[in-house]
Amino acid sequence: MIALRVFGSVLHFLLKVVLLPVQIVLTILICMIDFAGGVFGFIFGLIGGFIIWAGLSCLFMSPVDWKLFFEAMIAGTVLGSFPRMVRYFGESVLVGMKSFFARI
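Residue numbering for the sequence shown follows my numbering, starting at 804 and increasing by one per position.
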């Protein structure tokens, strides 16, 4: 019985040592996703802000087009927030995987 516990402890230690590089790679991927998400978030935020600004300008032109105003508000908001949604989803998946490997 003691031999099985010692064997299990050694196997568990070896598994932790083998999974350590996987955790390091996942940490690097999380940092890369944060950086790329910030860059793309800035670019898409500018584009979404421009679309929202163009939609607001529809209210001040002579034929007021409410439909175009609401479409521009929705499109600008979705376009501006899309990289953040992708970043949060990808980061949460990677953090979940990292925490799973850390619990082993």
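Every residue, glycine too, gets a C-beta built ideally from N, C-alpha and C.
- Here DSSP, grouped into helix, strand and coil, assigns V867 to coil.
- With contacts defined by Cβ atoms closer than 8 angstroms, A875 and I855 form a contacting pair.
- Looking at C861, S884 and G883, the one whose alpha-carbon comes closest to that of F873 is C861.
- Distance between L871 and L882, taken at the CA atoms: about 16 angstroms.
- Comparing alpha carbon positions, the residue from I827, Y891, P866 and S884 closest to G848 is S884.
- With fewer than 16 other beta carbons inside 10 angstroms of its own, L817 counts as exposed.
- Within its own chain, the residues whose Cβ lies closer than 6 angstroms to the Cβ of G844, once the five positions on either side in sequence are excluded, are P886 and R887, listed in chain order.
- DSSP, read as helix, strand or coil, puts C834 in helix.
- In this structure, L897 sits away from L823, with a CB-CB distance that is not shorter than 8 angstroms.
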